[in-house]
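K.L.:
Residue numbers 0 to 69, in numbering that gives the first Met the number 0, belong to the letters of the sequence shown in order.
Handing you this structure, nothing more for now.
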Amino acid sequence: MLRDIPNLDELTEGMDLSLLNRPGGFAQLKQQFIERLLRRNMGLPVSYPLSRTTLPPPIVPVKITRQKQL
Numbered sequence: 000m001l002r003d004i005p006n007l008d009e010l011t012e013g014m015d016l017s018l019l020n021r022p023g024g025f026a027q028l029k030q031q032f033i034e035r036l037l038r039r040n041m042g043l044p045v046s047y048p049l050s051r052t053t054l055p056p057p058i059v060p061v062k063i064t065r066q067k068q069l
């Protein structure tokens, strides 16, 4: 299945493979890989800051006004 994924190196770049030796490490690596694959499929950059403390841009509500129909 991995052979069917184009540019696999881009998805695995910078991953800490030493996590494989730790309990739960494989699950972490799998989650990172899936997140990167989904980001690439959505057209977003694969790499993003490692810090999960950064907040996404705020969602600004938009007020929609309806015009009266005559």
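For every residue, glycine included, the Cβ atom is placed at its ideal position computed from N, Cα and C.
1. Closest to leucine 7 by CA distance: which of Asp15, Phe25, Leu43 and Leu36 is it?
2. Exposed or buried, what is leucine 43 when buried is set at 16 or more other beta-carbons lying within 10 Å of its beta-carbon?
3. According to DSSP, is arginine 46 helix, strand or coil?
4. Could you pull out every residue in the same chain whose Cβ sits closer than 8 Å to the Cβ of leucine 10, ignoring the five residues on either side in sequence?
5. What first and last residue would you give for the alpha helix (DSSP H) that runs through threonine 64?
P.N.:
Short version:
1. Checked all of Asp15, Phe25, Leu43 and Leu36; the closest Cα to leucine 7 is Leu36.
2. Exposed, because fewer than 16 other Cβ atoms sit within 10 Å of the Cβ of leucine 43.
3. Reading off the sequence, residue 46 comes out as serine, not arginine. Judged by DSSP in its simplified three-state form, serine 46 adopts coil rather than helix or strand.
4. Result list for leucine 10: Ile4, Phe32, Arg35, Leu36, Arg39 and Val45, in chain order.
5. Note, threonine 64: premise wrong, no alpha helix (DSSP H); not H, not E.
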